[in-house]
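Novice: Numbering (this note's numbering), first residue to last: 5 to 278. Here it is: the structure, laid out below.
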């Protein structure tokens, strides 16, 4: 816990007092808070906060650490680091989905020109995609933003059923992966709305949701059947940008030992599909 104490003292000493509505210390000191001031602003006892900085083995609660993080005006990275020093996972990402991926993420997707790729938010809303993915799944640009959710589209769009010859296997696996990722957050409004809509729209979803199947994501081969170029076997990858760990990039690359590279090239060269 000594590293945690050192970190808290360093951040406490760097705060600008005027930004917190506090007067200077003495005639010239404009930075740094007293322990008593951090304690008051955080709602934590002076003794408890002092023990934190002294690195005592006191097992602070996450609520205490979050309150101190707010007072010390920690960045997201600093907050996550502080929690890790105390043995807690980082702050949970927001559940509200964005209609649009950050600009640098979209540029990355576009740079993956030969590989269908898209970005999904924590609730699996699709917030960005590249031209290759739009050629593989043309409906992505047509559906309303509220419906542009990977799980919702898998269970409700007839085109996806035609696109996935192994739809029964793929859809069950998607559902098990989604449930594993969501965990207890399934009771949050964003997820409740999605699950309710899927229950109303898909008999398969209603039946399978009650099974509580759980499965972690693994890179794997997927089979797609495109109406223009036929069967394409692609490898399914998923990555998380370091600066947006709540966002995942899904990338499909052709399986080299098959005719997938040639079929995908034919699809990419089909200018009239979009």
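Glycine included, every Cβ here is placed at the ideal spot set by N, Cα and C.
Ignoring anything shorter than 4 residues or poking outside the region 134-160, list the alpha helix (DSSP H) runs there in chain order.
Specialist: 135-140 and 154-160
Novice: Answer with buried or exposed for residue 225, where buried requires no fewer than 16 other C-beta atoms within 10 angstroms of its C-beta.
Specialist: exposed
Novice: Excluding the five sequence neighbours on either side, which residues of its own chain have a C-beta within less than 7 angstroms of the C-beta of residue 274, listed in chain order?
Specialist: Excluding five sequence positions before and after residue 274, the CB atoms of its chain that fall closer than 7 angstroms to its own CB belong to 139 and 232, given in chain order.
Novice: How many whole angstroms separate the CB atoms of residue 94 and residue 84, which I take to be in contact at a CB cut-off of 8 angstroms?
Specialist: That pair is a contact at about 3 angstroms.
Novice: Using a Cβ distance threshold of 8 angstroms, determine whether the region 261-269 contacts the region 233-249, with at least three qualifying pairs required.
Specialist: yes
Novice: Compare the Cα-Cα distances from residue 258 to each of 252, 269, 250 and 221 and report the closest residue.
Specialist: 269
Novice: Using 9 angstroms as the threshold, is the C-beta distance between residue 91 and residue 7 below it?
Specialist: no
Novice: Per the DSSP calculation, residue 132 is bridged to which residue(s)?
Specialist: 123
Novice: Quick one: what's got a C-beta closer than 6 angstroms to residue 120's C-beta in the same chain, skipping five residues either side?
Specialist: 136, 137, 140 and 256
Novice: Residue 9 and residue 56: beta carbons closer than 9 angstroms?
Specialist: yes
Novice: Look up residue 234 in the DSSP assignment and give the residues it is bridged to.
Specialist: 230
Novice: Could you spell out the range, first to last residue, of the alpha helix (DSSP H) harbouring residue 193?
Specialist: 193-205
Novice: Where does residue 124 land, buried or exposed, given buried means 16+ other C-beta within 10 angstroms?
Specialist: Under this definition residue 124 is a buried residue.
Novice: Residues in the same chain with beta-carbon distance under 8 angstroms from residue 13, minus the five sequence neighbours each way, listed in chain order, please.
Specialist: 57
Novice: Given that a residue counts as buried once 16 or more other Cβ atoms are within 10 Å of its Cβ, and exposed if not, what is residue 173?
Specialist: exposed
Novice: For residue 219, which of helix, strand or coil comes out of DSSP?
Specialist: In the structure shown, residue 219 sits in coil (DSSP, three-state: anything other than H, G, I, E or B).
Novice: In this structure, how does DSSP classify residue 75 when only helix, strand and coil are distinguished?
Specialist: Residue 75: helix per DSSP, three-state reduction.
Novice: Where does residue 92 sit, in a helix, a strand or coil, going by DSSP?
Specialist: Here residue 92 sits in coil by DSSP.
Novice: Shortest alpha-carbon distance to residue 62 belongs to which of 127, 211 and 52?
Specialist: 52
Novice: Going by the beta-carbon positions, is the gap between residue 280 and residue 86 smaller than 9 angstroms?
Specialist: Look at the range of the chain in this structure, 5 to 278, and you will see that residue 280 is not part of it.
Novice: Taking DSSP as the reference, what is the three-state secondary structure of residue 99?
Specialist: Here the model assigns residue 99 a pLDDT of 49, short of 50, so the residue's position is not dependable and the matter cannot be decided.
Novice: Which residues does DSSP list as the beta-bridge partners of residue 256?
Specialist: 240
Novice: With DSSP as the reference, identify every bridge partner of residue 113, one or two as the case may be.
Specialist: Answer is none; residue 113 lacks a bridge partner.
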